Amino acid sequence: MSIKLAVIGYPIKQSKSPIIHGYWMEKHGIEGTHEAVQIDLDQFERGIQKLIDDDYRGFNVTVPHKERIIPLCTEIDDTAKAIGAVNTVTIEDGKLYGSNTDAYGFIQNLKQQCDQIDRSKKAIVLGAGGAARAVVYALQHDGFENIVLLNRTRERAEVIVNDIGGTVDNWDQRSAILEEAGLVVNTTSLGMIGQPELELDVSALPHEAIVYDIVYKPLMTDLLNNAKDNKNQIVTGIGMLLHQAVPAFEQWTGIQPEINDELERLVLA
Ligand code: ATR
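If you count the sequence shown from 1, position 68 lands on 437 in this note's numbering, and the numbers rise without skipping.
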């Protein structure tokens, strides 16, 4: 049997999903394809219907379609409901079943990279976009007791706190509050290739604190380099990308795939 998989978005050229799922399909001898399919905003429903008509087994959903896909789903899982976004769809009998694996990917990566995580200390989340929603949800469900959101636009952080949890502090105070932190997560676009760096003075951060940047292009942002110099443990964003793909592949094929160095190198190349 051959299966058809895809990742949808607009634009979609940058997506690493075809590399990840293509690698696993080959490794497990699964015949089929995983393609990047660009779906324009004004052709959205038609684009999805075409995937159903063409017998696709499922697809990853990326920016800007993660919210737009929800009303087309027959059912979405509790995580997707809480986050308000779907990143994985499985098609059964022409019906769409949505889930969100971003929160899982985020927390799995953290746990795999770090043995010592102090969940009683402040977990500081910088940013309040879609990625921050998944991160706050993941931290809350993993038992972090003190989640603090900081965002340039404070109101966006307040919406997440209302919807999911945590408290809000001032973006301008971001360096000052680090002395009580056990974890700092950058979910903003700052530090990505083509974007300004995140300005954060990590010198007040306790040495046992973990610094996690979900950006993976570049792999080592200024934030992570500074944290490393400050002797903090760091977590790069590539693991989140790889881990969020695991449950998607499992849903589509029934096989739990493994992440290895070869796959990481392929994705980063
Ligand atoms: P995503 O859904 O991928 O997280 P997004 O919704 O565009 O993306 O969010 C980007 C995040 O980066 C936001 O928290 C944004 O802050 P605002 O809500 O104030 O826009 C943050 N961000 C982007 N550029 C920034 C900058 N120059 N300074 C501070 N924060 C910035």
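Glycine residues also receive a C-beta, built at the ideal position from the N, C-alpha and C atoms.
These numbers were taken from a predicted model, which means no experiment stands behind them.
query: Residue closest to I452, alpha-carbon to alpha-carbon, out of E568, L635 and E436; result: E436
query: Bounding residues of the beta strand (DSSP E) (the contiguous stretch that carries L552); result: A550 to N555
query: Cβ-heavy atom distance, R488 to the ligand ATR, below 8 angstroms; result: no
query: Residues bridged to F428 [DSSP beta-bridge criterion]; result: A375 and V458
query: DSSP beta-bridge partners of L519; result: L495 and D538
query: Sequence-distant residues of the same chain with beta carbon closer than 8 angstroms to A550, five excluded per side; result: K490, K491, A492, I493, L574, P575 and A578
query: CA-to-CA distance, I562 to N594, given in whole angstroms; result: 15 angstroms
query: Length of the line joining the Cα atoms of Q407 and I377; result: 6 angstroms
query: Buried or exposed by the 16-neighbour rule on C-beta atoms within 10 Å, applied to D480; result: The amino acid occupying residue 480 in the given sequence is Lys; Asp does not appear at that position. By the neighbour-count rule (16 or more Cβ atoms within 10 Å), K480 is not buried but exposed.
query: DSSP beta-bridge partners of E404; result: A375
query: Check: R415 C-beta below 8 angstroms from any heavy atom of the ligand ATP; result: No copy of the ligand ATP occurs in the structure displayed; its ligands are the ligand ATR alone.
query: Identity of the residue in C483, I476, Q477 and A449 nearest G467 by Cα; result: A449
query: CA nearest to the CA of D487, picked from M370, L465, D511 and Y392; result: D511
query: Sub-9 angstroms separation of I399 and I624 beta-carbons; result: yes
query: Per DSSP, cross-strand counterpart(s) of I445; result: G467
query: Any non-hydrogen atom of the ligand ATR closer than 8 angstroms to L569 Cβ; result: no
query: Residue of E627, T522 and G606 minimising C-alpha distance to N478; result: G606
query: Contact belief for D423 with K373 at Cβ below 8 angstroms, rounded distance in angstroms; result: 7 angstroms
query: Nearest-angstrom beta carbon gap, G535 and V505 [assumed within contact, 8 angstroms]; result: 6 angstroms
query: Which of helix, strand or coil DSSP assigns to I628; result: coil
query: Through-space distance from L569 to G560, alpha-carbon basis; result: 11 angstroms
query: Best match in H390, A375 and H403 for proximity to G416 [C-alpha to C-alpha]; result: A375
query: Alpha carbon of N599 to alpha carbon of T590, nearest angstrom; result: 14 angstroms
query: Host beta strand (DSSP E) of D582 (start-end); result: I579 to D582
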